[in-house]
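The structure appears below as structure tokens.
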Amino acid sequence: MTNDELEQLLDDIESDRVERKESPADGDKIRQVICAFANDLPGHDKPGVLFVGVNDDGTPIGMAITDQMLQNLASMRGDGNIVPFPSLDVQRRHLKGKDVAVVFVHASSSPPVRFKGTVWIRSGPRRGIANPDDERRLNEKRRSRDLPADIRPIFSAELEILDGLLFSRTYLPSAIASEVLEDNQRTIEHQLIASKFAHPGPPIHPTVLGVLTVGKTPTDWIPGTYVQFLRIDGTELGDPIRNAREVRGALPDLISDLEDMIKNNIQSSRDFTSGPVEVENADYPLVALQQIVRNAILHRSYENTHAPVSLYWFNDRVEVHNPGGPYGSVTKQNFGQPGAHDYRNPNLAAVMKELGYVQKFGYGIILACREMAINGNPRPEFQVEDTHVAVILRRRP
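Each residue of the sequence shown is one higher than the one before, counting from 1434 in our numbering.
Put into structure tokens, the structure is as follows:
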């Protein structure tokens, strides 16, 4: 905010975005102010402003604003008294001819915020303790902001990181009927927002879903969104590596490159003796590998980890490791059982279905198991932990 804007707020004694303190001596009252601004019960979505070193009428008293004072004010953010930690900025400003300490408190994305267990709010120009209805409203605000991880905006990115040509030529024709597209006069920005590939803002930012599906370089923004492939000449990770590759790209290119690589590594043998007709036997069924790899891309966690999906191809088995454990109604106990499915990334699931990578929700593991049995392979093995899942597919005897 400019100094002129701050001086206008100083003079507005009715504003519920402003608090004035002569000194920082009463730390608990200042923390109450920070807590109340962080809760932003009126819903301004603008910073609350605490002035330190001014009278109640907004006149600066001319006290010395030292670096130590500013550090002490800033330290109130993380001293454990206010939870969850608020977001704030502390500055020295020269207002009305004198120095003043200014604390900008941003609205929390996870209200209610509490100071020593108590929820403080602004009620007009005064602060007070929240009643049960106030707390209910704050809880509703938090839930409304709890977007699925796959459609959260990436605020550090601009819309230009999305490939408009890939979106128009690959995604839209798969997701929307041709006659609807012909009548559609919306701009590409509005189409990206409608597809949940962009957040409306303002300003408009790409979402995680948009970057994954049509991002020009997805790993620039979501570092773990690639597949690490190792072809190992042996049965242990320490054995010689025949081929190593990191498969990257937007979803259509990523899956296409992965499945070409899988096809190139499947080996087949011909049986001339078991019957009157020559039979070709693959060491792994293509469909089973496709389903397991697609499932890993769909169900992995894209938060709190930079680990990729890993595909290890040994002489006797293929292992697919997926960062992200069971989610929602899926547990270690029911993982892989019919009817046990949930979606950490529900919007990514919808996009993969629209693009034809998912035929029926909750069917991928069942189909992979069936294809392995038909091909004569052992049933897939599942190692399910809290933070990752590994699927082991044994080679056909």
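Beta carbons are placed, not taken as given, at the ideal position from N, Cα and C, and that holds for glycine.
Cβ-based burial, residue i [other Cβ within 10 Å; buried from 16]
i: G1491; result: buried
i: P1741; result: buried
i: F1815; result: exposed
i: A1458; result: exposed
i: S1456; result: exposed
i: F1600; result: buried
i: K1629; result: buried
i: T1658; result: buried
i: H1774; result: buried
i: H1739; result: exposed
i: E1713; result: exposed
i: N1778; result: buried
Cβ-based neighbour list, residue i, same chain, cut-off 8 Å, excluding 5 preceding and 5 following
i: R1812; result: C1802, M1805 and A1806
i: E1622; result: L1592, A1631 and I1637
Nearest residue (CA-CA) to residue i, options the options
i: E1447; options: R1510, L1474, R1464 and R1555; result: R1555
i: L1767; options: R1664, T1646, F1548 and I1798; result: Before going on, a small fix: residue 1767 reads as Asn here, not Leu. Out of R1664, T1646, F1548 and I1798, I1798 has the C-alpha closest to the C-alpha of N1767.
i: L1684; options: D1567, R1678 and E1692; result: E1692
i: A1380; options: L1670, F1662 and D1686; result: Residue 1380 cannot be examined here, being either before or after the span of the chain that is shown, 1434 to 1830.
i: R1675; options: W1746, I1730 and E1736; result: W1746
i: P1756; options: G1530, G1671 and L1731; result: L1731
i: P1830; options: Y1717, H1754, L1800 and R1733; result: Y1717
i: A1590; options: P1651, E1612 and E1568; result: P1651
i: I1871; options: S1541, D1532, L1687 and T1620; result: Summary: the structure shown does not reach residue 1871, with the chain confined to residues 1434 through 1830, and so no result is reported for it.
i: L1528; options: H1477, A1823, D1583 and L1439; result: L1439
i: P1639; options: D1596, T1603 and I1609; result: D1596
i: V1753; options: M1509, R1664, D1566 and V1552; result: R1664
i: L1474; options: D1461, R1575 and L1443; result: R1575
i: S1542; options: G1476, S1508 and D1686; result: G1476
i: P1673; options: V1791, E1573, N1748 and L1503; result: N1748
Bridge-paired residues (DSSP) for residue i
i: I1562; result: W1553
i: G1809; result: Answer is none; G1809 lacks a bridge partner.
i: Y1745; result: L1663 and E1752
i: P1586; result: T1640
i: Q1816; result: A1823
i: Y1645; result: Strictly speaking, residue 1645 in this sequence is Leu, with Tyr absent from that position. Partner(s): none; L1645 has no beta bridge.
i: G1481; result: V1538
i: A1677; result: L1663
i: F1548; result: I1515 and T1551
Close-in-space but distant-in-sequence residues of the same chain around residue i (CB under 7 Å, 5 per side omitted)
i: R1750; result: I1825, L1826, R1827 and R1828
Same chain, Cβ closer than 6 Å to residue i, five either side skipped, listed in chain order
i: L1722; result: I1695
i: K1454; result: V1485
i: T1820; result: G1758
i: S1607; result: E1787 and L1788
Cβ-heavy atom distance, residue i to the ligand NAP, below 6 Å
i: T1640; result: Annotation note on the ligand NAP: not contained in the displayed structure, which lists no ligands.
*So does the region 1534-1545 actually touch the region 1481-1500, counting three or more Cβ pairs closer than 8 Å?*
A contact is defined here as three or more CB-CB pairs under 8 Å, and the region 1534-1545 meets this definition with respect to the region 1481-1500.
*Say whether the region 1542-1553 touches the region 1464-1475, bearing in mind that this needs 3 or more beta-carbon pairs closer than 8 Å, one atom from each stretch.*
They touch, by the three-pair rule.
*Can you find at least 3 beta carbon pairs, one from the region 1779-1789 and one from the region 1642-1654, that sit closer than 8 Å?*
When Cβ pairs closer than 8 Å are counted between the two stretches, the region 1779-1789 is seen to touch the region 1642-1654, the count reaching three or more.
_Cβ pair count under 8 Å reaching 3, the region 1561-1574 against the region 1513-1520_ = Contact between the region 1561-1574 and the region 1513-1520 is absent, because fewer than three Cβ pairs lie under 8 Å.
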